[in-house]
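Notes for the one structure printed next.
In our numbering, the protein residues as written are 41 to 649.
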């Protein structure tokens, strides 16, 4: 058989980069041979390459190709030995200046495209709390880190284990008195933050609906949505008829969305459905519903406040201007954050002219929707400079808000901007760390308020878990000192709603702290070993290490075995002008107190208290 034919018939092998960085090589990960490579940027590894070892039989072209790969240029598809031989003999290579310039332009375009892709991915991951948790786990312990997952996205899947609902008329599912009672719960607990329904109009429609119970009514989707949210905020265990309410609303919304244009009742029903799914269902289901909501809003021209005159206009329905603005703001709010959390695409409607919501007394919806101008530019497809992100963070920190749902939205936005600034390595987060931690603690107080009032907003679960991760990521004395409070609140939320989702979040937070503690112990052990190897103080072995002698330092006494080291440290500090104001005795007292608090024994090991 012809050898050339056999070579063509041979299966092609997967082409690998000739040079891989050490982190990728050790972890057996794919490496693009750049500096830094994409994998190291994604997982925050320190990207470095081992020194190149020249081989006696290596052609010059191979070495040049390896150097170009380390510099970040793409791999040439030509055989390296042939290129090297041509260069060594001075033979013509068949190339001209135009080809070189074209390849240079291609390389620049490739590099720019790769940089833009990395920036987009960096923003996409920073927007998602799930990606932040994954990165935190990889940083603490790459081998035991949990997989990418949306922990504590809400308080739990409410209808898990319930029988499937059956679509029916709202008048046959529950009596009018109970509908009125659930509506009062909705307007008391939900509408203060999600206010997009006219209360007077609603109760007027509720009063007339039961007068003709057998007649179909498009307003049933609104009644069912309000009733479902009222049940969620009043009964921790769903009643048997709650799935029927949800299924009835879903069926009516799917049917009503086929009408062109959809009515205001259909748009309102979709907002209620997405809000319910955001608090009670799986992330992907809520995101899909939020995308449908945006398309329905577009069909109804909710996003266009100014009157338009086109052949597509077919609705003569009069929509209250304030309600239009609130529905449009709610649709944006729900879709943006669902897409950010999942790393999915959000629906953008170009040419939107609907203005922001005007504030009302006793209603905090305008404050919550007021964050949209700061949230929408965080989309990964939009460039946001560090200076702009820092200005956004300042605005968020300067807002003084009190309503728990709005405070939770404020904290959630702060956490998102913090992750973006952290990815950009901005120094601003260090300068405003005290304010950041203060707002995080305010979010914990809001979560406690929600538990006490049985208001299972989605952020009542999400924010405490994310605050625990924030404190571990900051990893300072100030942040770690707040960990007990954050874990107590997370445990309180877990006990209140006692769902599998909350138990998973609490156990994951506990695992993070445990891994963090082990890493700290290993670091402390390494430092102790270094000090032990390089200490110039004579070893004292005649006394028991655990024996404490009175040396007059408060209630704590310096060990006899440390007396010589203590004197040696005093002499060392006195020889260093920058440390002459350092209070060594107070430092040792605090160290002894911390060792006792942590349960450290005389050999430097930790024990459970």
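Even glycine gets a Cβ: it sits at the ideal position worked out from N, Cα and C.
What residue range is occupied by the uninterrupted alpha helix (DSSP H) comprising residue 296? Element bounds for residue 296: 282-296.
In the DSSP assignment, the alpha helix (DSSP H) including residue 388 goes from what residue to what residue? For residue 388, there is no enclosing alpha helix (DSSP H), as DSSP marks it with neither H nor E.
Please list, in chain order, all residues of the same chain as residue 60 whose beta carbon is under 6 Å from its beta carbon, the five residues on each side excluded. Close CB contacts of residue 60 within its chain, under the 6 Å cut and outside five residues either way in sequence, are with 71 (chain order).
At the level of alpha carbons, what is the spacing between residue 543 and residue 358? Those two C-alpha atoms are separated by around 48 Å.
Can residue 342 and residue 394 be called in contact, C-beta distance under 8 Å? Cβ distance < 8 Å, so residue 342 and residue 394 count as in contact.
Am I right that residue 432 and residue 170 are in contact with their C-beta atoms under 8 Å? What's the rounded C-beta distance? Between residue 432 and residue 170 a beta carbon distance of about 22 Å is seen, past the 8 Å cut, so the two are scored as non-contacting.
Any heavy atom of the ligand FMN closer than 7 Å to the beta-carbon of residue 263? Here there are no bound small molecules, and the ligand FMN is not part of this structure.
As a quick exercise: from 227, 215, 234, 229, pick the residue whose alpha carbon is nearest that of residue 253. Checked all of 227, 215, 234, 229; the closest Cα to residue 253 is 215.
Leaving out five residues on either side along the sequence, give the residues of the same chain with a beta carbon under 8 Å from the beta carbon of residue 246. Only residues of its own chain outside the window of five on either side were considered, and among them 216, 219, 220, 223, 263 have a CB closer than 8 Å to the CB of residue 246, listed in chain order.
For residue 440 and residue 519, what's the separation of their Cα atoms in angstroms? Answer to the nearest angstrom: the Cα atoms are 22 Å apart.
Use the C-beta contact count for residue 372: other C-beta atoms within 10 angstroms, 16 or more gives buried, fewer gives exposed. Buried, since its Cβ has 16 or more Cβ neighbours within 10 Å.
Can you round the beta-carbon distance between residue 190 and residue 323 to whole angstroms, since I take them to be within the 8 Å contact cut? About 5 Å separates the two Cβ atoms, so the contact holds.
Run through DSSP, which three-state label would residue 465 get? Three-state result, residue 465: coil.
Between the C-alpha atoms of residue 260 and residue 312, what's the straight-line distance to the nearest angstrom? Here the C-alpha atom of residue 260 lies approximately 12 Å from the C-alpha atom of residue 312.
Apart from the five residues just before and just after residue 465, which ones in its own chain have a Cβ nearer than 7 Å to its Cβ? Contacts found: none.
Tell me which residues share the same chain as residue 503 and place their Cβ nearer than 7 Å to its Cβ, disregarding the 5 neighbours each side in the sequence. The residues are 448, 451, 452, 483, 487.
Roughly how many whole angstroms lie between the Cα atoms of residue 319 and residue 327? Rounded to the nearest angstrom, the two C-alpha atoms are 12 Å apart.
At the level of alpha carbons, what is the spacing between residue 85 and residue 79? Each residue's alpha carbon lies about 8 Å from the other.
Inside the region 493-541 only - alpha helix (DSSP H) runs reaching at least 4 residues: List check, alpha helix (DSSP H) in window: 499-514, 517-520, 523-537.
Three or more beta-carbon pairs under 8 Å between the region 527-545 and the region 494-508, yes or no? The answer is yes - the region 494-508 touches the region 527-545, with three or more Cβ pairs under 8 Å.
Taking all protein chains shown into account, do 16 or more other C-beta atoms lie within 10 angstroms of the C-beta of residue 300, making it buried, or fewer, making it exposed? With fewer than 16 other Cβ atoms within 10 Å, it is exposed.
Rounded to whole angstroms, what's the CA-CA distance from residue 242 to residue 438? Just pull it up for me. Rounded to the nearest angstrom, the two C-alpha atoms are 36 Å apart.
The alpha helix (DSSP H) enclosing residue 316, as first and last residue numbers: 304-320 is the span of the alpha helix (DSSP H), which, as asked, contains residue 316.
Quick check: the Cα distance between residue 525 and residue 278, rounded to an integer number of angstroms? Residue 525 and residue 278: Cα-Cα distance of roughly 30 Å.
Would residue 653 pass as a contact of residue 302 if the rule is Cβ separation under 8 Å? This structure cannot settle anything about residue 653, because the visible part of the chain is limited to 41 through 649.
Would you mind sorting residue 570 into buried or exposed? The rule is 16 or more other CB atoms within 10 Å of its CB. By the neighbour-count rule (16 or more Cβ atoms within 10 Å), residue 570 is not buried but exposed.
Stretch-stretch touch, CB-based, cutoff 8 Å, three pairs: the region 225-236 with the region 392-406: Under the 8 Å Cβ criterion, the region 225-236 counts as touching the region 392-406, having at least three qualifying pairs.
For residue 181, three-class secondary structure by DSSP: Three-state result, residue 181: coil.
Since I believe residue 265 is in contact with residue 289 (beta carbons under 8 Å), could you give me their beta-carbon distance rounded to a whole number of angstroms? Yes, residue 289 and residue 265 are in contact; Cβ-Cβ is about 5 Å, under 8 Å.
Name the DSSP bridge partner or partners of residue 565? By DSSP's assignment, residue 565 forms no beta bridge with any residue.
Only counting the same chain, and skipping five residues up and downstream in sequence, which positions put a Cβ closer than 7 Å to that of residue 546? Here the set comprises 530, 531, 534.
Can you list, in chain order, the residues of its chain with a C-beta nearer than 8 Å to that of residue 204? Leave out the 5 residues immediately preceding and following it. Cβ within range, chain order: 283, 287.
Going by alpha carbons, who is nearest to residue 194 out of 308, 325, 172? Ranking 308, 325, 172 by Cα distance to residue 194 puts 325 first.
Please identify the residue among 475, 89, 419 whose C-alpha is closest to the C-alpha of residue 460. Of 475, 89, 419, the residue nearest in Cα terms is 419.
Are there 16 or more other CB atoms within 10 angstroms of the CB of residue 369, so buried, or fewer, so exposed? Under this definition residue 369 is a buried residue.
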